[in-house]
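Enquirer: The listed protein sequences derive, respectively, from chains A and B. Quick note on UniProt numbering: the first sequence kicks off at 1 and runs consecutively. Quick note on UniProt numbering: the second sequence kicks off at 1 and runs consecutively.
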Amino acid sequence: MEQKNLEELYHKGELEWEEGEYTVCRGFQWTPPGCHNSCGILYYLKDGVMDHAEGDPLFPYNNGRLCARCLNLHEAGYQENRLKYPLLRKKEDRGNIDAFERISWDEALDYIANYVKNEIDGKGYGRESIFGMVGTGRNICWQVPWIINNAFGSPNTFCALFSGDSCAVPRTAATVALMGGYPVSDFGQFNEQMMDYPDFTVPGTILIWGANPLRSNADCFQGFWITDAMKRGSQLVVIDPMINWMSAKAAVQIQIRPGTDAAVAMAMNHVIMEEDLYDHEFVEKWCYGFDEWRERCSEWTPEKAAEVAWCDADDIRKAARFIATNGACAAPFGVSNDQKRNGVAAYQSIFNMLAITGNYENPGGNTIAYDPWGTVMSYVAGWDEGVLTPEMKAKRLGDKEFPLHSVGFSALGQPDILMKALETNNPPMRMSFCMGTNPFVNMAPDASRAYHALMNVDFAVACDYRMTPYIAGCVDLVLPIAMNWERNTLRCWFTPMRANRKISTYYEAKSDEEIVVLLGNKMNPEFFQSKGISTDMDMLEYIVQQAPNHTWSFQDLYDGKADGKNYDWPDRPYYQYKTGGLRPDGQPGFATATGRIELWCTMFSNLGLEPMPKYEEPAESPVSTPELFEKFPLVLTTGARNFEFFHSEQREQAHMRATYPDPRVRINPEDAKELGVSDNAWVWIEGKRGRCRQRALITEGIMKGVVEADHGWWFPEQDGNAPHLFGAFDSNINNLTENCNPGPYSFGADFRSTLCKIYPCTPENSAVMPGTEVVVNGGFTKNPEYGNPAVAAYGEQQ
Amino acid sequence: MSKMGLFINYDICFGCHACEMACSQEKKLPAGEFGIKIAQYGPHKNINGDWEYTYLPIPTKLCDLCAERTEIGKLPSCVHHCEAACMEYGDMEELSKRLVEQPRSVVFSLD
Numbered sequence: 001m002e003q004k005n006l007e008e009l010y011h012k013g014e015l016e017w018e019e020g021e022y023t024v025c026r027g028f029q030w031t032p033p034g035c036h037n038s039c040g041i042l043y044y045l046k047d048g049v050m051d052h053a054e055g056d057p058l059f060p061y062n063n064g065r066l067c068a069r070c071l072n073l074h075e076a077g078y079q080e081n082r083l084k085y086p087l088l089r090k091k092e093d094r095g096n097i098d099a100f101e102r103i104s105w106d107e108a109l110d111y112i113a114n115y116v117k118n119e120i121d122g123k124g125y126g127r128e129s130i131f132g133m134v135g136t137g138r139n140i141c142w143q144v145p146w147i148i149n150n151a152f153g154s155p156n157t158f159c160a161l162f163s164g165d166s167c168a169v170p171r172t173a174a175t176v177a178l179m180g181g182y183p184v185s186d187f188g189q190f191n192e193q194m195m196d197y198p199d200f201t202v203p204g205t206i207l208i209w210g211a212n213p214l215r216s217n218a219d220c221f222q223g224f225w226i227t228d229a230m231k232r233g234s235q236l237v238v239i240d241p242m243i244n245w246m247s248a249k250a251a252v253q254i255q256i257r258p259g260t261d262a263a264v265a266m267a268m269n270h271v272i273m274e275e276d277l278y279d280h281e282f283v284e285k286w287c288y289g290f291d292e293w294r295e296r297c298s299e300w301t302p303e304k305a306a307e308v309a310w311c312d313a314d315d316i317r318k319a320a321r322f323i324a325t326n327g328a329c330a331a332p333f334g335v336s337n338d339q340k341r342n343g344v345a346a347y348q349s350i351f352n353m354l355a356i357t358g359n360y361e362n363p364g365g366n367t368i369a370y371d372p373w374g375t376v377m378s379y380v381a382g383w384d385e386g387v388l389t390p391e392m393k394a395k396r397l398g399d400k401e402f403p404l405h406s407v408g409f410s411a412l413g414q415p416d417i418l419m420k421a422l423e424t425n426n427p428p429m430r431m432s433f434c435m436g437t438n439p440f441v442n443m444a445p446d447a448s449r450a451y452h453a454l455m456n457v458d459f460a461v462a463c464d465y466r467m468t469p470y471i472a473g474c475v476d477l478v479l480p481i482a483m484n485w486e487r488n489t490l491r492c493w494f495t496p497m498r499a500n501r502k503i504s505t506y507y508e509a510k511s512d513e514e515i516v517v518l519l520g521n522k523m524n525p526e527f528f529q530s531k532g533i534s535t536d537m538d539m540l541e542y543i544v545q546q547a548p549n550h551t552w553s554f555q556d557l558y559d560g561k562a563d564g565k566n567y568d569w570p571d572r573p574y575y576q577y578k579t580g581g582l583r584p585d586g587q588p589g590f591a592t593a594t595g596r597i598e599l600w601c602t603m604f605s606n607l608g609l610e611p612m613p614k615y616e617e618p619a620e621s622p623v624s625t626p627e628l629f630e631k632f633p634l635v636l637t638t639g640a641r642n643f644e645f646f647h648s649e650q651r652e653q654a655h656m657r658a659t660y661p662d663p664r665v666r667i668n669p670e671d672a673k674e675l676g677v678s679d680n681a682w683v684w685i686e687g688k689r690g691r692c693r694q695r696a697l698i699t700e701g702i703m704k705g706v707v708e709a710d711h712g713w714w715f716p717e718q719d720g721n722a723p724h725l726f727g728a729f730d731s732n733i734n735n736l737t738e739n740c741n742p743g744p745y746s747f748g749a750d751f752r753s754t755l756c757k758i759y760p761c762t763p764e765n766s767a768v769m770p771g772t773e774v775v776v777n778g779g780f781t782k783n784p785e786y787g788n789p790a791v792a793a794y795g796e797q798q
Numbered sequence: 001m002s003k004m005g006l007f008i009n010y011d012i013c014f015g016c017h018a019c020e021m022a023c024s025q026e027k028k029l030p031a032g033e034f035g036i037k038i039a040q041y042g043p044h045k046n047i048n049g050d051w052e053y054t055y056l057p058i059p060t061k062l063c064d065l066c067a068e069r070t071e072i073g074k075l076p077s078c079v080h081h082c083e084a085a086c087m088e089y090g091d092m093e094e095l096s097k098r099l100v101e102q103p104r105s106v107v108f109s110l111d
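1. Would you mind listing the alpha helix (DSSP H) stretches within the segment 387-416 of chain A that are 4+ residues and don't spill past its ends, in chain order?
2. So what does DSSP say about V252(A), is it helix, strand or coil?
3. List, in chain order, every chain A residue whose beta-carbon is nearer than 7 Å to that of I12(B).
4. Can you check whether the CB of N668(A) is closer than 9 Å to the CB of D416(A)?
5. Starting from the beta carbon of E52(B), find every residue of chain A whose beta carbon is closer than 7 Å, and list them in chain order.
6. Please list, in chain order, all residues of the same chain as Y22(A) whose beta carbon is under 8 Å from its beta carbon, the five residues on each side excluded.
7. Determine the burial state of D91(B): buried for a count of at least 16 other Cβ atoms within 10 Å of its Cβ, exposed for fewer.
8. According to DSSP, simplified to helix, strand and coil, what is C761(A)?
9. Check the DSSP bridge columns for R695(A) and list the partner residues they point to.
10. I want to know whether the segment 121-137 of chain A touches the segment 486-501 of chain A - three or more CB-CB distances under 8 Å.
11. When the Cα of W293(A) is compared with those of V184(A), L477(A), I597(A) and V517(A), which residue comes out closest?
12. How about M21(B): is its C-beta nearer than 9 Å to some C-beta of chain A?
13. Closer than 9 Å, Cβ to any Cβ of chain A: which residues of the segment 41-74 of chain B, in chain order?
14. Taking only beta-carbon positions, decide if E26(B) is within less than 9 Å of chain A.
15. When the Cβ atoms of the segment 41-60 of chain B are set against those of the segment 245-258 of chain A, are three or more pairs found closer than 8 Å?
16. Evaluate L576(A) with the Cβ neighbour count: other Cβ atoms within 10 Å of its Cβ, from every protein chain shown; 16 or more gives buried, anything less gives exposed.
17. Comparing the C-beta of E644(A) with each C-beta of chain B, is any distance below 9 Å?
18. Output the distance between the C-alpha atoms of V665(A) and I685(A), rounded to the nearest integer angstrom.
19. Answer with yes or no whether the minimum CB distance from S77(B) to chain A is below 9 Å.
20. Do the CB positions of N63(A) and N721(A) come within less than 9 Å of each other?
21. For the beta strand (DSSP E) that G90(B) lies in, which residues bound it at each end?
22. Do the segment 516-536 of chain A and the segment 599-606 of chain A touch if we need at least three Cβ pairs shorter than 8 Å?
23. Note down, in chain order, each residue of its chain lying with its Cβ closer than 7 Å to the Cβ of L236(A), except the 5 sequence neighbours on either side.
24. I need the DSSP call for K510(A), collapsed to helix, strand or coil.
25. List, in order along the chain, the chain B residues whose C-beta lies closer than 7 Å to that of C67(A)?
26. Report the neighbours of L354(A) on chain B: residues whose CB is nearer than 8 Å to its CB, in chain order.
27. Please confirm if G32(B) has its CB atom under 9 Å from at least one CB of chain A.
28. Which value, in whole angstroms, describes the spacing of the CA atoms of S154(A) and K393(A)?
29. Can you tell me whether E299(A) sits near the ligand FAD, meaning its C-beta is under 8 Å from at least one heavy atom of the ligand?
30. Mind reading off the beta-carbon distance from D219(A) to F494(A)? Whole number of angstroms is fine, and I expect it under 8 Å.
31. Could you tell me which chain B residues have their CB closer than 7 Å to the CB of E700(A), listed as they occur along the chain?
32. Ignoring anything shorter than 3 residues or poking outside the segment 596-657 of chain A, list the beta strand (DSSP E) runs there in chain order.
33. Roughly how many angstroms lie between the CA atoms of M467(A) and T227(A), to the nearest whole one?
34. Please compile the residues from chain D whose C-beta is within a distance smaller than 8 Å of the C-beta of T659(A).
35. Please classify N37(A): does DSSP put it in a helix, a strand, or coil?
36. Would you kindly check if the distance between the Cβ of G34(A) and the Cβ of D56(A) is under 9 Å?
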């Protein structure tokens, strides 16, 4: 189709128009349902109902394309399970969905305010005993800390019970320490012309390390840009225990034992340095600690790493040479190394490799990403609004135990310390306020422990758009949440800045922004009124007006600015370390103490931490725990993404279940034969902490000796009442993973590398299902079969 | 009017299901019904040692090439939304020329 025709057809410069029986509204889908990106979308409304959505061909980020999840938004928004009204039940009725009674918003706000007055303040608990829980649904990252800090006056918000903050935080900790920012691989997206931006060239090599960006679409990165770049000549290097679609296309692919990433990455660095393939000019001018790094890597010969990682030394050499010599190398990261105790070291090693090959701020390399307006809309939001006193700030859990927390590397409390507090009631954590997470279904390792810890909370409030196992099991007051098209919101993670308009309503569901304002004005009206915040639009405008580099008001952006566009995409030139764009003082260099990329990290050293990566085995592995390995002879990795689901979402959508009906564990054919497991049969996956069942998917794609199991499964079609809780424990792979044993920086837990055994399900061995084991029998650890008394907390086992 | 068809560069199709869901949404199909369905072969190590991992979307008898959409100048919904941008809608004769240029591609002739 001709461009002119497309612009006419899709009403360039308009935000709303009529088309036959539909009103078409131009927006950006973000959350819910959860997503790391925010594609341009056209919502087709009929009689006030969002009938369907299509990709916006005029928004360059996705130019019309859309994933299956957005193409099924109607089912997401109008499902039977959708929450319509605030709900309340008595604490003793937890586990009984029918006990919830509809209340009004005013009653809900009064109930919360009275609880705080009578049960927190009235009983002498400090406000720090109120804590927030947040997930990764993206458009809840700033709202939860805003509420917790400024409405409730508590410093305690957590990524629920996500041991080791195992998503993005370990990675950003590594990159902020090394280079003072967070690099995102460059596929042209930092400028509106995308791949047609004059200075852009496609990556020579795309390095895919323990990720499947085609499915995961991490922050500011659309997976399909990889295929766009492949069409323009980019080649692939893929490191993964599983063969994915990209591995089969790769110039070099290596399957490695889960958890050995740092060893392999250090060996690649070794090859690049020993074979003199590094970028001398960049290293001399812009890197710090090269000689120390070279020395550190010297022991990691490809042979040594290959032995550790169960791979071929020559493949490590090939990959290293390819990365160093095939033009720019872009590395679109996934989350897998965040989910390892040794993950910070793995990332440091990979980021160091990109540094010595000169792959930052170059076209087709990796760009230090930031929100162009400087808006604080992340987990740090609301921390410095003056509501929290220094004494109150000091009561954030985890700051005392972990130096990187105390210097602000995570804006949140540390979840393993929260777990300890909940288990021991020391300090007492009385009331929880949860937005956008389904804690024991998805992100908490040792799901049974997480469930029991959450049951210790005296009063639990959760905001969600549908009934979840967490709400069914552990929550007293529920607030119904608006879908993306039912909310006014600002998208700025990272570029471009995007405004989304509320175009529809659903019963009494409200946006997270509206809840911030309602609760804020209820709990702390002086503060909210002093900032002029009475509506969601006021709230968003306040945030934009605080942003140092905003070029438009929120209202302008919302109305389509002068050019009819409801987004702002300022130019972002390359090589900003040469021009002073990366440092607050405007000097050339990177935003570190030395102004260089620190291969030897001064900040880690100053805090008494290891300044350079050091390889450590996973806590449970064939090498670190050989006796355990005899009993559980398979290496278990979890959490690989698929197209149908965003974590624990979409399970209620029949259209998704049509192509992905059940949880699956991938098993190598040779292992399956030895185990007597047939394809598609239900099998038990059992580790030292517990077990769950999934269907066997026998595939050559997984390396022998390793199995890969789905995460986030529950069954909305099944009974939601306790003990079943929609089957949330029956297939929950986190029955096997470990809580309260994060990596040395407090970052990263071993979700991706532990040990298990697998055996077919039979009626005999399925008599007591995990739901009963956890909810009725008090947890797997009460069963002598498992012989692993629950470890009370991190610290006590050191 | 010339005969129209679908060209698919299946070398770059990564099996995202967008075509299936776009079709399902366009035609209001119940779950489990498909106007286009992705076939998958692999991952499998071929006898020559290369990894095979190939997807191919196949239009079903429910496909009418989105006649209502194309009439007003829009693309069929699967082509519009295809994440890999590996599908093209066009005149069969033109698409056949694309076949010659593009290894690992097919043209589907419908109705």
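Idealized CB from N, CA, C, for every residue including glycine. As the structure is a computational prediction, the values presented were derived from the model and not from experiment.
Expert: Taking the geometry as given:
1. 390-393 and 403-406
2. As a position in the first sequence, residue 252(A) is number 252, starting the count at 1. Looking at V252(A) - three-state DSSP - the assignment turns out to be strand.
3. For the purposes of this step, residue 12(B) is taken as residue 12 along the second sequence, with counting starting at 1. The contacting residues are T227, M230 and K231.
4. Against the first sequence, residue 416(A) aligns to sequence position 416. Against the first sequence, residue 668(A) aligns to sequence position 668. Cβ atoms of D416(A) and N668(A): not closer than 9 Å.
5. Locating residue 52(B) in the second sequence gives position 52, where the first residue counts as 1. Result: A248.
6. Mapped onto the first sequence, residue 22(A) falls at position 22. Cβ neighbours of Y22(A) within its own chain (closer than 8 Å, five residues either side excluded): Y44, L45, K46 and D51.
7. As a position in the second sequence, residue 91(B) is number 91, starting the count at 1. Per the 10 Å Cβ criterion, exposed.
8. Counted from its first residue, the first sequence places residue 761(A) at position 761. Coil.
9. Working through the first sequence from its first residue, we reach residue 695(A) at position 695. R664(A) and W682(A).
10. no
11. The count along the first sequence starts at 1 and reaches residue 293(A) at position 293. Ranking V184(A), L477(A), I597(A) and V517(A) by Cα distance to W293(A) puts I597(A) first.
12. Stepping through the second sequence from its first residue, residue 21(B) is reached at position 21. Closer than 9 Å to some Cβ of chain A, the Cβ of M21(B) qualifies, so yes.
13. G42, P43, H44, K45, D50, W51, E52, Y53, T54, Y55, I72, G73 and K74
14. By 1-based counting over the second sequence, the position of residue 26(B) is 26. For E26(B), the answer is yes, since a Cβ of chain A falls inside 9 Å of its Cβ.
15. yes
16. As a first step, residue 576(A) is located in the first sequence; it is residue number 576 there, counting from the start. One detail in the question is off: residue 576(A) reads as Gln in this sequence, not Leu. So Q576(A) counts as buried.
17. In the first sequence, residue 644(A) corresponds to position 644, counting from 1. Interface residue, yes.
18. Within the first sequence, residue 665(A) is the residue found at index 665, counting from 1. Within the first sequence, residue 685(A) is the residue found at index 685, counting from 1. Taking the straight line joining both Cα atoms gives about 9 Å.
19. Mapped onto the second sequence, residue 77(B) falls at position 77. Judged by the 9 Å Cβ criterion, S77(B) is in contact with chain A.
20. The residue given as residue 63(A) occupies position 63 in the first sequence. The residue given as residue 721(A) occupies position 721 in the first sequence. For N63(A) and N721(A), no; Cβs fall outside 9 Å.
21. Position 90 of the second sequence holds residue 90(B). First-last of the beta strand (DSSP E) with G90(B): M87 to D91.
22. Contact fails: fewer than three Cβ-Cβ distances are below 8 Å.
23. The residue given as residue 236(A) occupies position 236 in the first sequence. I206, I208, M246, K249, A250 and A251.
24. In the first sequence, residue 510(A) corresponds to position 510, counting from 1. K510(A) falls in the strand class under three-state DSSP.
25. Your numbering for residue 67(A) matches position 67 in the first sequence. Within chain B, the residues near C67(A) are C16, A18 and E83.
26. Reading the first sequence from its first residue, position 354 is the one you call residue 354(A). Going along chain B, no residue has its Cβ under 8 Å from L354(A), so there is no contact; the nearest lies around 25 Å.
27. Here the question's residue 32(B) lines up with position 32 in the second sequence. Yes - at least one Cβ of chain A is within 9 Å of the one on G32(B).
28. As a working note, residue 154(A) is residue 154 in the first sequence. As a working note, residue 393(A) is residue 393 in the first sequence. Looking at the two C-alpha atoms, the distance is approximately 8 Å.
29. With respect to the ligand FAD, the structure shown offers nothing to examine, as it has no ligands at all.
30. Position 219 of the first sequence, counted from the start, is the residue given in the question as residue 219(A). Position 494 of the first sequence, counted from the start, is the residue given in the question as residue 494(A). With a Cβ gap of about 7 Å, D219(A) and F494(A) count as contacting.
31. Translated into the one-based positions of the first sequence, residue 700(A) becomes position 700. Going along chain B in sequence order, the residues near E700(A) (Cβ under 7 Å) are P43, H44 and K45.
32. 634-638
33. As a first step, residue 467(A) must be located in the first sequence, where it is residue number 467. As a first step, residue 227(A) must be located in the first sequence, where it is residue number 227. C-alpha separation (whole angstroms): 37 Å.
34. Reference to chain D is not applicable here, since the protein chains of this structure are A and B.
35. Taking the first residue of the first sequence as position 1, residue 37(A) is located at position 37. N37(A): coil per DSSP, three-state reduction.
36. Here residue 56(A) corresponds to residue number 56 of the first sequence, with the count starting at 1. Here residue 34(A) corresponds to residue number 34 of the first sequence, with the count starting at 1. Not closer than 9 Å, so no.
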